[in-house]
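Read in UniProt numbering, the sequence shown has 119 at position 119, and its numbers run on one by one without any break.
We put the beta carbon where it would ideally sit given N, CA and C, even for glycine.
Keep in mind the model is a prediction, meaning the values are calculated, not measured.
Shown next, in structure tokens, is the structure this report addresses.
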Amino acid sequence: MASSNDNNNDVETDFFPFYRLYKDGRVDVSMNLLVSTVSGRSRDWCISARLYLPKNTAPDQKLPVLLYYHGGGFVLGSAFFKTEHCYLNHLVFESNCIAISVDYRLAPEHDIHTIYQDCWDAIQWVASHSVSDTINRDPWIENHSNFNHVFVGGDSAGGNIVYNMIMRAGREKLIGDLKILGAILGFPLLLIPSIENFDKGLAYKIWHTICPLSEGENDNPMVNPVSTKSPDLSMYVRVLETFRVYGRERRTYPS
Numbered sequence: 001m002a003s004s005n006d007n008n009n010d011v012e013t014d015f016f017p018f019y020r021l022y023k024d025g026r027v028d029v030s031m032n033l034l035v036s037t038v039s040g041r042s043r044d045w046c047i048s049a050r051l052y053l054p055k056n057t058a059p060d061q062k063l064p065v066l067l068y069y070h071g072g073g074f075v076l077g078s079a080f081f082k083t084e085h086c087y088l089n090h091l092v093f094e095s096n097c098i099a100i101s102v103d104y105r106l107a108p109e110h111d112i113h114t115i116y117q118d119c120w121d122a123i124q125w126v127a128s129h130s131v132s133d134t135i136n137r138d139p140w141i142e143n144h145s146n147f148n149h150v151f152v153g154g155d156s157a158g159g160n161i162v163y164n165m166i167m168r169a170g171r172e173k174l175i176g177d178l179k180i181l182g183a184i185l186g187f188p189l190l191l192i193p194s195i196e197n198f199d200k201g202l203a204y205k206i207w208h209t210i211c212p213l214s215e216g217e218n219d220n221p222m223v224n225p226v227s228t229k230s231p232d233l234s235m236y237v238r239v240l241e242t243f244r245v246y247g248r249e250r251r252t253y254p255s
């Protein structure tokens, strides 16, 4: 006869080593190896982000701005991971930009709309520095940002977030009518069907766990840019680009 303790250990969804969801609602998440100390010129703010500025930046020097979203399948990762910290340090050094590495709430404790809203709020907070009548201003962003050269970037789940952020920025105005000049999507979590075969792998399982009401197998515009419900990308892309993901090609042209 099974004990109540055994029943408490019944697993609903097992995505080890990412997370394990039990039928009683408990969630086991892999241990996050966070940076214990902040080195160099970076610091944390209440929007939950880490800021980076090149060490030898002059007091009045203006730099391109990069908002960066970490990967981890929406269930792991942090802007404060040591690996993320080292990567952003290197990226800022090589590109000579000011970077905002955004932390966001994770699934399965939070749904995909909460995740996207956290990331949108971060863009709006940065955009608020381009106008003069806002509070909670950061001196690095205020003094060193070239708001004509704002970029968003991310990898894996972060690449999916970038895609959804630029789509939303095409529909809604950012504070100060800020424009996003470019986007970097590093191996984004996008479920575009292959012409030959659609593999229901880990990315598919993760997406349909955190977004169980997705329409069809892969026709949700939040994860499929070639969905029949997706907006015309030519509204948002200034130059000719070619997207190749999982065997499907889509071209976008200037509006």
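DSSP places Val131 in the coil class of the three-state scheme, outside both helix and strand.
Among the bridge pairs identified by DSSP, Thr13 is matched with Leu21.
With contacts defined as CB atoms closer than 9 angstroms, His144 and Lys62 qualify as a contacting pair.
Nearest in C-alpha terms to Met167, of all of Trp120, Asp133, Ile192, Asn146, is Trp120. Between Leu189 and Tyr163, the alpha-carbon positions lie close to 10 angstroms from each other.
The C-beta distance from Phe151 to Leu66 rounds to 5 angstroms, short enough to fall under 8 angstroms.
Three or more Cβ pairs drawn from the region 102-122 and the region 68-82 lie within less than 8 angstroms of each other, which places the two stretches in contact. Rounded to the nearest angstrom, the Cβ distance from Val75 to Ala122 is 19 angstroms, too far for a contact under 8 angstroms. A distance below 9 angstroms separates the beta carbons of Pro54 and Val92.
Membership of Phe93 in any beta strand (DSSP E) is not indicated; the residue belongs instead to the alpha helix (DSSP H) covering 82-95. When DSSP reads this structure, Ser145 sits in a beta bridge with Leu63. Beta-bridge partners assigned by DSSP to Asp155: Gly186. Inter-residue distance for Lys179 and Ala99 is about 17 angstroms (C-alpha atoms, whole angstroms).
Per DSSP, reduced to three states, the secondary structure at Asp219 is coil, with no helix or strand assignment. Under the three-state reduction of DSSP, Val126 is assigned to helix. With 16 or more other Cβ atoms inside 10 Å of its own Cβ, Leu191 counts as buried.
Within the same chain, Leu174, Ile175, Gly176, Leu178 come within 6 angstroms of Ala127 by CB-CB distance, once the 5 residues on both sides are set aside. For Ile210, the enclosing alpha helix (DSSP H) covers residues 202-210. In this structure, the straight-line span from the alpha carbon of Ile161 to that of Arg20 is close to 23 angstroms. Between Ser132 and Asp24, the alpha-carbon positions lie close to 49 angstroms from each other.
Contact between Ile112 and Ile47 does not hold, since the beta-carbon distance rounds to 19 angstroms and is not under 8 angstroms. When DSSP reads this structure, Tyr116 sits in no beta bridge, so it has no partner. Minimum Cα-Cα distance from Asp155 among the listed residues His70, Glu109, Pro59 corresponds to His70. In the three-state reduction of the DSSP assignment, Asp138 falls in the coil class. By the C-beta density criterion, Ala49 is buried, having at least 16 other C-beta atoms within 10 angstroms.
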